[in-house]
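So the structure is just underneath, and the comments pick up after that.
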(Lines of atoms letter the chains of each structure in order from A and count residues from 1; the text may use other names and numbers.)
(Lines give C-alpha, C1' and ligand atoms only; values in the text may rest on other atoms or scores of the structure.)
Protein backbone atom coordinates (compact mmCIF):
# COMPACT_ATOMS: atom_id res chain seq x y z
CA UNK A 1 0.00 0.00 0.00
CA UNK A 2 1.13 3.54 -0.73
CA UNK A 3 2.14 5.79 2.14
CA UNK A 4 -1.03 7.60 3.13
CA UNK A 5 -3.03 9.36 5.84
CA UNK A 6 -6.75 8.92 6.45
CA UNK A 7 -8.97 10.74 8.95
CA UNK A 8 -12.20 9.68 10.64
CA UNK A 9 -14.58 10.60 13.44
CA UNK A 10 -16.79 8.48 15.67
CA UNK A 11 -19.25 8.85 18.55
CA UNK A 12 -21.05 11.71 16.78
CA UNK A 13 -17.83 13.68 16.47
CA UNK A 14 -16.65 12.99 20.00
CA UNK A 15 -13.77 10.82 18.81
CA UNK A 16 -11.12 11.83 16.30
CA UNK A 17 -9.08 9.14 14.55
CA UNK A 18 -6.12 9.46 12.18
CA UNK A 19 -4.17 6.62 10.63
CA UNK A 20 -0.95 6.61 8.60
CA UNK A 21 0.93 4.07 6.54
CA UNK A 22 4.61 5.07 6.34
CA UNK A 23 6.33 1.95 5.02
CA UNK A 24 8.03 3.46 2.00
CA UNK A 25 9.18 6.69 3.60
CA UNK A 26 10.58 4.77 6.57
CA UNK A 27 12.49 2.52 4.18
CA UNK A 28 13.82 5.60 2.39
CA UNK A 29 15.02 7.02 5.72
CA UNK A 30 16.67 3.67 6.55
CA UNK A 31 18.60 3.71 3.28
CA UNK A 32 19.51 7.38 3.40
CA UNK A 33 20.89 7.22 6.93
CA UNK A 34 22.14 3.60 6.86
CA UNK A 35 20.09 2.85 9.96
CA UNK A 36 20.39 -0.22 12.17
CA UNK A 37 17.27 -2.26 12.92
CA UNK A 38 16.52 -0.51 16.21
CA UNK A 39 17.36 2.94 14.81
CA UNK A 40 14.97 2.29 11.91
CA UNK A 41 12.19 1.39 14.33
CA UNK A 42 12.84 4.44 16.51
CA UNK A 43 12.96 6.93 13.64
CA UNK A 44 10.06 5.30 11.80
CA UNK A 45 7.81 5.49 14.85
CA UNK A 46 8.76 9.11 15.46
CA UNK A 47 8.08 10.09 11.85
CA UNK A 48 4.66 8.44 12.00
CA UNK A 49 3.93 10.24 15.27
CA UNK A 50 4.99 13.57 13.77
CA UNK A 51 2.67 13.13 10.78
CA UNK A 52 -0.22 12.14 13.06
CA UNK A 53 0.29 15.22 15.23
CA UNK A 54 0.67 17.55 12.24
CA UNK A 55 -2.62 16.29 10.80
CA UNK A 56 -4.64 18.28 13.37
CA UNK A 57 -3.10 21.61 12.35
CA UNK A 58 -5.20 23.95 10.22
CA UNK A 59 -3.06 26.52 8.44
CA UNK A 60 -1.24 25.72 5.20
CA UNK A 61 2.48 25.43 5.87
CA UNK A 62 2.05 24.32 9.48
CA UNK A 63 4.69 21.93 10.78
CA UNK A 64 5.54 20.07 13.96
CA UNK A 65 9.03 19.24 15.21
CA UNK A 66 9.44 16.25 17.49
CA UNK A 67 12.73 15.78 19.32
CA UNK A 68 13.45 12.80 21.53
CA UNK A 69 16.51 13.24 23.72
CA UNK A 70 17.39 10.28 25.92
CA UNK A 71 20.47 8.99 27.70
CA UNK A 72 20.49 5.71 25.77
CA UNK A 73 23.03 4.79 23.08
CA UNK A 74 20.81 6.01 20.24
CA UNK A 75 21.30 9.62 21.35
CA UNK A 76 18.71 12.02 19.97
CA UNK A 77 15.96 11.70 17.38
CA UNK A 78 14.71 14.72 15.44
CA UNK A 79 11.69 14.72 13.12
CA UNK A 80 10.08 17.52 11.14
CA UNK A 81 6.58 16.77 9.80
CA UNK A 82 4.13 18.95 7.93
CA UNK A 83 0.39 19.26 7.43
CA UNK A 84 1.23 18.81 3.72
CA UNK A 85 2.21 15.18 4.34
CA UNK A 86 5.97 15.61 4.11
CA UNK A 87 8.35 14.39 6.78
CA UNK A 88 12.08 14.14 7.37
CA UNK A 89 14.22 13.08 10.30
CA UNK A 90 17.39 11.53 11.62
CA UNK A 91 18.90 9.85 14.67
CA UNK A 92 22.15 10.90 16.31
CA UNK A 93 23.77 7.44 16.33
CA UNK A 94 22.26 5.53 13.39
CA UNK A 95 24.43 2.40 13.66
CA UNK A 96 23.53 1.48 17.26
CA UNK A 97 22.10 -2.01 17.64
CA UNK A 98 20.71 -3.77 20.72
CA UNK A 99 19.48 -7.30 21.49
CA UNK A 100 15.69 -7.78 21.46
CA UNK A 101 13.81 -6.81 24.63
CA UNK A 102 12.08 -9.28 26.97
CA UNK A 103 9.10 -9.43 24.59
CA UNK A 104 11.35 -10.43 21.72
CA UNK A 105 10.90 -7.09 19.95
CA UNK A 106 13.33 -4.37 18.92
CA UNK A 107 14.40 -2.58 22.09
CA UNK A 108 13.58 1.00 21.14
CA UNK A 109 13.04 1.94 24.78
CA UNK A 110 16.49 0.68 25.74
CA UNK A 111 18.08 2.47 22.78
CA UNK A 112 16.40 5.78 23.69
CA UNK A 113 16.73 5.53 27.48
CA UNK A 114 15.48 8.14 29.95
CA UNK A 115 15.09 11.76 28.97
CA UNK A 116 12.68 14.22 27.46
CA UNK A 117 10.33 14.71 24.54
CA UNK A 118 10.30 18.18 22.99
CA UNK A 119 7.49 19.27 20.65
CA UNK A 120 7.38 22.51 18.68
CA UNK A 121 4.28 23.42 16.67
CA UNK A 122 4.79 26.10 14.01
CA UNK A 123 1.44 27.30 12.69
CA UNK A 124 3.02 29.57 10.10
CA UNK A 125 2.75 32.87 11.93
CA UNK A 126 3.70 34.30 15.31
CA UNK A 127 5.87 32.42 17.76
CA UNK A 128 5.86 28.60 17.54
CA UNK A 129 4.26 26.77 20.47
CA UNK A 130 6.70 24.54 22.34
CA UNK A 131 6.33 22.04 25.14
CA UNK A 132 8.49 19.51 26.96
CA UNK A 133 7.54 16.34 28.82
CA UNK A 134 9.58 13.59 30.43
CA UNK A 135 9.82 10.30 28.57
CA UNK A 136 7.71 7.58 30.15
CA UNK A 137 9.13 4.56 28.30
CA UNK A 138 11.29 5.65 25.37
CA UNK A 139 9.10 3.55 23.08
CA UNK A 140 7.85 6.73 21.34
CA UNK A 141 4.13 5.87 21.23
CA UNK A 142 3.67 5.99 25.00
CA UNK A 143 5.74 9.16 25.18
CA UNK A 144 3.80 11.06 22.51
CA UNK A 145 0.47 9.95 24.02
CA UNK A 146 1.71 11.23 27.40
CA UNK A 147 2.58 14.55 25.76
CA UNK A 148 -0.87 14.87 24.18
CA UNK A 149 -2.58 14.22 27.51
CA UNK A 150 -0.35 16.38 29.72
CA UNK A 151 0.47 19.29 27.39
CA UNK A 152 -2.59 19.46 25.15
CA UNK A 153 -5.12 18.02 27.60
CA UNK A 154 -6.46 15.57 25.03
CA UNK A 155 -6.93 11.93 26.13
CA UNK A 156 -5.17 9.99 23.38
CA UNK A 157 -4.32 6.44 22.38
CA UNK A 158 -1.42 6.03 19.99
CA UNK A 159 -0.28 2.78 18.42
CA UNK A 160 2.89 2.88 16.31
CA UNK A 161 4.85 0.16 14.58
CA UNK A 162 7.76 -0.56 12.26
CA UNK A 163 8.64 -4.02 10.99
CA UNK A 164 12.13 -4.21 9.55
CA UNK A 165 13.94 -7.33 8.45
CA UNK A 166 16.85 -8.34 6.26
CA UNK A 167 14.99 -7.09 3.18
CA UNK A 168 14.23 -3.70 4.72
CA UNK A 169 11.06 -2.11 6.06
CA UNK A 170 7.98 -4.09 5.06
CA UNK A 171 5.37 -2.44 7.31
CA UNK A 172 5.24 0.85 9.19
CA UNK A 173 2.65 3.31 10.38
CA UNK A 174 0.32 4.09 13.23
CA UNK A 175 -3.07 5.19 14.43
CA UNK A 176 -4.02 8.03 16.76
CA UNK A 177 -7.39 8.07 18.51
CA UNK A 178 -8.37 11.08 20.60
CA UNK A 179 -11.39 11.62 22.81
CA UNK A 180 -12.58 15.19 22.37
CA UNK A 181 -14.15 17.24 25.20
CA UNK A 182 -17.75 16.52 24.15
CA UNK A 183 -17.19 12.77 24.68
CA UNK A 184 -14.59 12.78 27.46
CA UNK A 185 -17.27 12.73 30.18
CA UNK A 186 -18.70 9.44 28.86
CA UNK A 187 -16.73 7.07 31.08
CA UNK A 188 -18.20 3.93 29.49
CA UNK A 189 -17.18 5.10 26.01
CA UNK A 190 -13.66 5.93 27.15
CA UNK A 191 -13.33 2.57 28.93
CA UNK A 192 -14.52 0.67 25.84
CA UNK A 193 -12.08 2.54 23.63
CA UNK A 194 -9.18 1.92 26.00
CA UNK A 195 -10.02 -1.79 26.11
CA UNK A 196 -10.10 -2.12 22.32
CA UNK A 197 -6.86 -0.28 21.78
CA UNK A 198 -5.15 -2.29 24.53
CA UNK A 199 -6.31 -5.49 22.86
CA UNK A 200 -4.42 -4.68 19.67
CA UNK A 201 -1.30 -6.77 19.20
CA UNK A 202 0.36 -3.83 17.50
CA UNK A 203 -0.01 -1.88 14.28
CA UNK A 204 2.31 -3.68 11.87
CA UNK A 205 0.59 -7.08 12.33
CA UNK A 206 -2.59 -5.46 10.99
CA UNK A 207 -0.77 -4.21 7.90
CA UNK A 208 0.95 -7.55 7.42
CA UNK A 209 -2.47 -9.20 7.54
CA UNK A 210 -3.54 -7.02 4.61
CA UNK A 211 -5.72 -4.63 6.59
CA UNK A 212 -6.29 -1.18 5.11
CA UNK A 213 -6.65 1.93 7.27
CA UNK A 214 -10.46 2.00 6.83
CA UNK A 215 -10.61 -1.65 7.90
CA UNK A 216 -8.48 -0.89 10.96
CA UNK A 217 -10.78 2.02 11.86
CA UNK A 218 -13.81 -0.22 11.43
CA UNK A 219 -12.35 -2.88 13.71
CA UNK A 220 -11.93 -0.39 16.53
CA UNK A 221 -14.74 2.13 16.00
CA UNK A 222 -17.16 0.42 13.64
CA UNK A 223 -20.06 0.36 16.11
CA UNK A 224 -19.54 3.95 17.30
CA UNK A 225 -21.10 5.90 14.41
CA UNK A 226 -17.83 5.76 12.50
CA UNK A 227 -17.44 8.32 9.71
CA UNK A 228 -14.36 7.82 7.51
CA UNK A 229 -13.46 10.88 5.48
CA UNK A 230 -13.20 10.15 1.73
CA UNK A 231 -9.96 12.11 1.21
CA UNK A 232 -6.71 10.15 1.25
CA UNK A 233 -3.56 12.23 1.75
CA UNK A 234 -0.34 10.93 0.24
CA UNK A 235 2.77 10.98 2.47
CA UNK A 236 6.44 11.14 1.53
CA UNK A 237 9.93 11.64 2.88
CA UNK A 238 10.99 15.08 1.71
CA UNK A 239 13.75 17.49 2.67
CA UNK A 240 13.88 21.09 1.48
CA UNK A 241 17.66 21.38 1.62
CA UNK A 242 19.48 22.82 -1.40
CA UNK A 243 22.85 24.17 -2.52
CA UNK A 244 21.48 27.69 -2.15
CA UNK A 245 20.64 27.10 1.52
CA UNK A 246 24.10 25.64 2.10
CA UNK A 247 25.68 28.75 0.58
CA UNK A 248 23.52 30.98 2.77
CA UNK A 249 24.72 29.06 5.82
CA UNK A 250 28.37 29.29 4.79
CA UNK A 251 28.02 33.01 4.23
CA UNK A 252 27.29 33.49 7.91
CA UNK A 253 30.80 32.24 8.73
CA UNK A 254 32.31 35.45 7.41
CA UNK A 255 35.11 36.34 4.97
CA UNK A 256 38.03 35.14 7.09
CA UNK A 257 36.64 31.63 7.53
CA UNK A 258 35.70 31.40 3.85
CA UNK A 259 39.22 32.41 2.83
CA UNK A 260 40.62 29.73 5.12
CA UNK A 261 38.42 27.09 3.41
CA UNK A 262 39.71 28.15 0.00
CA UNK A 263 43.36 28.02 1.06
CA UNK A 264 43.22 24.75 3.01
CA UNK A 265 40.59 22.71 1.15
CA UNK A 266 39.92 24.54 -2.14
CA UNK A 267 36.25 24.38 -1.24
CA UNK A 268 33.88 22.88 1.30
CA UNK A 269 31.58 19.91 1.77
CA UNK A 270 28.30 19.95 3.65
CA UNK A 271 25.99 17.06 4.56
CA UNK A 272 22.32 17.55 5.43
CA UNK A 273 21.55 15.82 8.72
CA UNK A 274 17.90 15.33 7.78
CA UNK A 275 18.31 13.55 4.46
CA UNK A 276 22.00 12.73 4.06
CA UNK A 277 22.44 14.72 0.83
CA UNK A 278 26.03 15.84 0.31
CA UNK A 279 26.79 19.22 -1.23
CA UNK A 280 30.16 20.07 -2.75
CA UNK A 281 31.00 23.76 -2.69
CA UNK A 282 33.97 24.71 -4.85
CA UNK A 283 36.31 27.67 -4.47
CA UNK A 284 34.38 29.66 -7.10
CA UNK A 285 31.27 29.49 -4.92
CA UNK A 286 33.25 30.58 -1.87
CA UNK A 287 34.91 33.45 -3.73
CA UNK A 288 31.50 34.67 -4.86
CA UNK A 289 30.30 34.61 -1.26
CA UNK A 290 33.28 36.78 -0.30
CA UNK A 291 32.42 39.21 -3.09
CA UNK A 292 28.82 39.33 -1.86
CA UNK A 293 29.96 40.00 1.72
CA UNK A 294 32.24 42.85 0.61
CA UNK A 295 29.46 44.35 -1.51
CA UNK A 296 27.03 44.22 1.37
CA UNK A 297 29.59 45.77 3.73
CA UNK A 298 30.23 48.70 1.39
CA UNK A 299 26.58 49.36 0.60
CA UNK A 300 24.94 52.30 2.43
CA UNK A 301 22.44 51.35 5.09
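In this note's numbering, the protein residues as written are 23 to 323. Backbone N, C-alpha and C define an ideal beta-carbon position, used for all residues, glycine too.
Point to revise | Nearest-angstrom Cα separation, counted from residue 179 out to residue 216 | key: Locating residue 216 in the chain shown gives position 194, where the first residue counts as 1. Locating residue 179 in the chain shown gives position 157, where the first residue counts as 1. So the two alpha carbons sit approximately 8 Å from each other.
Point to revise | Sequence-distant residues of the same chain with beta carbon closer than 8 Å to residue 279, five excluded per side | key: As a first step, residue 279 is located in the chain shown; it is residue number 257 there, counting from the start. So no residue of the chain qualifies.
Check your understanding: Where in the region 160-236 do unbroken runs of the alpha helix (DSSP H), each at least 4 residues long, occur, reported from the N-terminal end onward?
Key -> 163-174, 203-206, 209-221 and 226-230
Exercise for review: Mind reading off the beta-carbon distance from residue 58 to residue 118? Whole number of angstroms is fine, and I expect it under 8 Å.
Suggested key: In the chain shown, residue 58 corresponds to position 36, counting from 1. In the chain shown, residue 118 corresponds to position 96, counting from 1. Right, the Cβ-Cβ distance comes to about 6 Å (below 8 Å), so this counts as a contact.
Exercise for review: Let me know the alpha helix (DSSP H) ranges lying completely inside the region 226-305, each 4 residues or longer, listed in chain order.
Suggested key: 226-230, 235-243, 265-273 and 277-287
Review point. Is the beta carbon of residue 111 less than 8 Å from the beta carbon of residue 51?
Key: Taking the first residue of the chain shown as 1, we reach residue 111 at position 89. Taking the first residue of the chain shown as 1, we reach residue 51 at position 29. Contact: yes.
Review point. Among 291, 299, 258 and 306, which has the Cα closest to the Cα of residue 23?
Key: The sequence position of residue 23 within the chain shown is 1, counting from 1. With distances taken between Cα atoms, residue 23 lies closest to 258.
**Study point:** Stretch-stretch touch, CB-based, cutoff 8 Å, three pairs: the region 93-100 with the region 239-248
**Key:** no
Point to revise | Between the CA atoms of residue 162 and residue 132 - distance to the nearest angstrom | key: Position 110 of the chain shown, counting from 1, holds the residue named residue 132. Position 140 of the chain shown, counting from 1, holds the residue named residue 162. C-alpha separation (whole angstroms): 11 Å.
Check your understanding: Exposed or buried, residue 291, counting other C-beta atoms within 10 Å across all chains shown (16 or more means buried)?
Key -> Walking along the chain shown from the start, residue 291 turns up at place 269. Label assigned to residue 291: exposed.
Point to revise | Three or more C-beta pairs below 8 Å linking the region 23-32 and the region 180-187 | key: no
Check your understanding: Under the rule that 16 or more other beta-carbon atoms within 10 Å means buried, what is residue 69, buried or exposed?
Key -> In the chain shown, residue 69 corresponds to position 47, counting from 1. Flag for residue 69 reads buried.
**Study point:** Nearest residue (CA-CA) to residue 126, options 60, 46, 260 and 197
**Key:** Locating residue 126 in the chain shown gives position 104, where the first residue counts as 1. Here the closest residue by C-alpha is 60.
Practice item. Since I believe residue 283 is in contact with residue 265 (beta carbons under 8 Å), could you give me their beta-carbon distance rounded to a whole number of angstroms? Key: Residue 265 sits at position 243 when you count from the first residue of the chain shown. Residue 283 sits at position 261 when you count from the first residue of the chain shown. Not confirmed; about 16 Å, so no contact.
Practice item. Buried or exposed for residue 200, please, with buried defined as at least 16 other CB atoms from any protein chain shown within 10 angstroms of its CB. Key: Taking the chain shown and counting its residues from 1, the one referred to as residue 200 is at position 178. It is buried - the Cβ of residue 200 has at least 16 other Cβ atoms within 10 Å.
Review point. CB residue 44 to CB residue 195, shorter than 8 Å?
Key: Here residue 44 is taken as the residue at index 22 of the chain shown, counted from 1. Here residue 195 is taken as the residue at index 173 of the chain shown, counted from 1. Against a cut-off of 8 Å, the Cβ pair of residue 195 and residue 44 comes out as a contact.
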